[in-house]
Each structure stands twice: as structure tokens, then as C-alpha cells.
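A.B. asks: Numbering (our numbering), first residue to last: 26 to 380.
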């Protein structure tokens, strides 16, 4: 090893609306001495791949704005869920060559856990035993944050109800969480009618490939009318909130279930959140709404089962993976922006280094 260039993506400016590459984020390079950089009892990680996720927009805000997730400090490296390999270690839990997943800096090489200003409640690191034949990048999506979120919430909150349900509606169904939910729900109950919505013709094709019985391009079709035709909806998996949630509320069955996974339509700094116009349907139809956050609360209790159960389904081709790859940290800003504009098709992944 030697002194090498170390690319880093820093959080440069609070966005007013969407993330803007080169403004909200900036790519810089510094030198790092891989042999001698102080580890302070931690480890040196070579980053292989990083995940770009919609929730990160919530972390890009002024610290005075309270929210469910910690901020990214201005001027500091961005961090998020990713995978890498251990280069050096002063921590007895890890050794060089270990494959790890967790919250990793947007850097080619980084010391974990790092200085105090980089610490927050989401940050963790785990050693993983990779399944033969699977790429490292799949552990950022289908076998990573997206898959774990979908699996844990569906298993705990929706699986039992799905066995007696007729109709499942998934918004954002062409995204990494949505595709997982559709395919896993089909495994749990092959008789379910599954409705999926997304925002482009290409994504409609993805929804058909993963087994949606009914597909909606919400930018070109009337979501409420299609749901009325094919409902009532017994379970709604909500990745978007906003108008799609309102359309679902009007077409839920009595004693239906809504899993609130995300609200991409409301990810902004304006403090208004998502306006729900049909809230009265919740009590009129006796609807149950379950929100959740990854690794917190009841849904976390099934996470220890995740790799054994889902890796097998992936290897059997029953749970599939689609990746939209961004090559190198120079494209990280574009990757972060893409999940809000809908430009990505498949899991947005920043491929940092070769395995």
C-alpha cells in the first residue's frame, strides 16, 4: 500500500428543493496514506459500492429543522448504507479482507467509525459472509437497505393479513423497495391481485416483469379510477404519499391496512410535509396505518432471519435485482438527485471500487 488519491463527496450546501450535483454536493480529492493513517482503534475501509436512497434528502437540511433522521453536517463527507472491504484493522471484530456493510462515508477509503462530528444514531458496521456468485452491489439494494426495509415491515405488519387479502397496491412499485414487496408478496400469497404504480413507460415494463397484475403510469393515467375498477384495496404499501395516498384512501376496503414506508412526494425543506385530503377515510373505513423506520421498533425483530431467508430466494430467482449504476464518486451527486427526479430505473448504486 502507499499514499494514494482519495476521492470524497462532501455536503456543500442545503438544498432549497431537489439535490443539485455540484452545488448540494461536491467532489474533492485528498491524499491518504493507507499504511499510516491513524485508525484510533477502528478500521480502514475500501469502499466498493454505496446506496442512493430517497430518505437522504431529509438528512440534507439545516440542523435547526427537527426530523426523524440525523443531519449531514455541512462540509463533512456524506455517508449512507454501503459495502466495502477492510484494509487495516485495530478492532478485534474485523480483520483485513473482511466484507462489511453499514453506514460508510462517500469516500474511496475511510476510517470507521471516524471523528465525533461524523457519528450519528444510524451509523453501524457489520461483517457479512457473501453468498457465492452474487455481486457485492446486490448487498446495497436487494440484500441491503431496500430489501431489509421491505422484508422486515412486510413480514411483521402485512404478511398475516396478506394471506386473507385479495388486492395489494404498491406505489413506487418499480423501485428497489417496491419490486421486493411485489415479488415477496407473491411468494407469500400467489392468489393476490397486485396493482403497481410508477411514473414512466419503462417502469411500467418493470412492473409487468415482476408480476404486477395491473399497472398504472400515474403521470398519464387516473390512479383513482384504476383503483376503483380493480379494488377495493386490502393492503396499500405507500412509498410516495401525496396524491397517490389520497387515491388509495378513497379505494381501500373496510379494515384495510396501509404500510407507510416513504413519502418521496414530500421530501423537502418547506416544512409542509405531505397534505392528505382524504384523511376521513381512515376512520370511516376503519383503516389501520402502520409507519416504520428501518432497524427500529417491531419490524426490526425479523431482521436476523433476513439473509438466510432472502438469499435463498435471490439464488432461486424468485426475488430479482435491478441496478442503475453510477460509476465512481464523481457521479454520486447525480445518483442522489436521480432518486427524486425518477431518472433511475432500478436501484441507484454508486460503484466506487472494483471488488
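Each residue gets a CB set at the ideal place from its N, CA and C atoms; glycine is no exception.
With DSSP run on the structure shown, which of helix, strand or coil describes residue 42?
C.D. replies: Position 17 of the chain shown holds residue 42. In this structure, residue 42 counts as coil in the three-state DSSP scheme.
A.B. asks: How about residue 364: is its C-beta nearer than 8 Å to some C-beta of chain D?
C.D. replies: In summary, chain D is missing from the structure at hand, where a single protein chain is found.
A.B. asks: Compare the Cα-Cα distances from residue 146 to each of 123, 94 and 154 and report the closest residue.
C.D. replies: By 1-based counting over the chain shown, the position of residue 146 is 121. Nearest C-alpha to residue 146: 94.
A.B. asks: Using a 10 Å radius around the Cβ and a threshold of 16 neighbouring Cβ atoms, would you call residue 365 buried or exposed?
C.D. replies: Taking the chain shown and counting its residues from 1, one reaches residue 365 at position 340. Looking at its Cβ environment, which holds 16 or more other Cβ atoms inside 10 Å, residue 365 is buried.
A.B. asks: Span of the alpha helix (DSSP H) holding residue 87?
C.D. replies: Residue 87 sits at position 62 when you count from the first residue of the chain shown. That residue, residue 87, is in no alpha helix (DSSP H); it is neither H nor E in DSSP.
A.B. asks: Taking the continuous beta strand (DSSP E) assigned at residue 221, which residues delimit it?
C.D. replies: Translated into positions along the chain shown, residue 221 becomes position 196. First-last of the beta strand (DSSP E) with residue 221: 218 to 223.
A.B. asks: Straight-line CA distance for residue 179 to residue 206?
C.D. replies: For this step, residue 179 is matched to residue 154 along the chain shown. For this step, residue 206 is matched to residue 181 along the chain shown. Spanning the two alpha carbons is a distance of roughly 7 Å.
A.B. asks: So which of 230, 234, 236 and 253 has the shortest CA-CA distance to residue 242?
C.D. replies: If you number the chain shown from 1, residue 242 lands on position 217. If we check each option's Cα against that of residue 242, 230 comes out closest.
A.B. asks: Going by DSSP in three states, residue 274 sits in which element: helix, strand or coil?
C.D. replies: Reading the chain shown from its first residue, position 249 is the one you call residue 274. If DSSP states are grouped into helix, strand and coil, residue 274 belongs with the helices.
A.B. asks: DSSP on residue 307, reduced to helix/strand/coil?
C.D. replies: Taking the chain shown and counting its residues from 1, the one referred to as residue 307 is at position 282. Here residue 307 sits in helix by DSSP.
A.B. asks: Determine the direct distance from the alpha carbon of residue 279 to that of residue 156, and round the result to whole angstroms.
C.D. replies: For the purposes of this step, residue 156 is identified with residue 131 of the chain shown, where counting begins at 1. For the purposes of this step, residue 279 is identified with residue 254 of the chain shown, where counting begins at 1. Between residue 156 and residue 279, the C-alpha separation is close to 43 Å.
A.B. asks: Quick check on residue 82: buried or exposed, where buried means 16 or more other Cβ atoms within 10 Å of its Cβ?
C.D. replies: The sequence position of residue 82 within the chain shown is 57, counting from 1. Under this definition residue 82 is a buried residue.
A.B. asks: Please name the residue in 305, 330, 223 and 255 whose C-alpha comes closest to that of residue 193.
C.D. replies: Translated into the one-based positions of the chain shown, residue 193 becomes position 168. Out of 305, 330, 223 and 255, 255 has the C-alpha closest to the C-alpha of residue 193.
A.B. asks: Taking the Cβ atom as the reference point for each residue, do residue 248 and residue 272 lie within a distance shorter than 8 Å?
C.D. replies: Residue mapping note: residue 248 aligns to position 223 of the chain shown, counting from 1. Residue mapping note: residue 272 aligns to position 247 of the chain shown, counting from 1. It is a contact, given that the beta carbons lie within the stated cut-off.
A.B. asks: Please state the DSSP three-state secondary structure of residue 300.
C.D. replies: Counting from one through the chain shown, the residue named residue 300 turns up at place 275. It is coil, neither helix nor strand.
A.B. asks: Leaving aside the five residues before and after residue 324 along the sequence, list all residues of the same chain whose C-beta is less than 6 Å from its C-beta, in chain order.
C.D. replies: Taking the chain shown and counting its residues from 1, one reaches residue 324 at position 299. 177, 178, 181 and 317.
A.B. asks: Distance, Cα to Cα, residue 295 vs residue 39?
C.D. replies: As a working note, residue 295 is residue 270 in the chain shown. As a working note, residue 39 is residue 14 in the chain shown. For residue 295, the pLDDT reaches just 47, beneath the cut-off of 50, and the residue's location in the model is therefore unreliable, leaving the point undetermined.
A.B. asks: Alpha carbon to alpha carbon, how far is residue 43 from residue 172?
C.D. replies: As a working mapping, residue 43 is identified with position 18 in the chain shown. As a working mapping, residue 172 is identified with position 147 in the chain shown. For residue 43 and residue 172, the distance between alpha carbons rounds to 25 Å.
A.B. asks: Determine the direct distance from the alpha carbon of residue 41 to that of residue 333, and round the result to whole angstroms.
C.D. replies: Against the chain shown, residue 333 aligns to sequence position 308. Against the chain shown, residue 41 aligns to sequence position 16. Going from the Cα of residue 333 to the Cα of residue 41 covers about 42 Å.
A.B. asks: Within 10 angstroms of the Cβ of residue 34, are there 16 or more other Cβ atoms? Answer buried if so, exposed if not.
C.D. replies: The count along the chain shown starts at 1 and reaches residue 34 at position 9. Label assigned to residue 34: buried.
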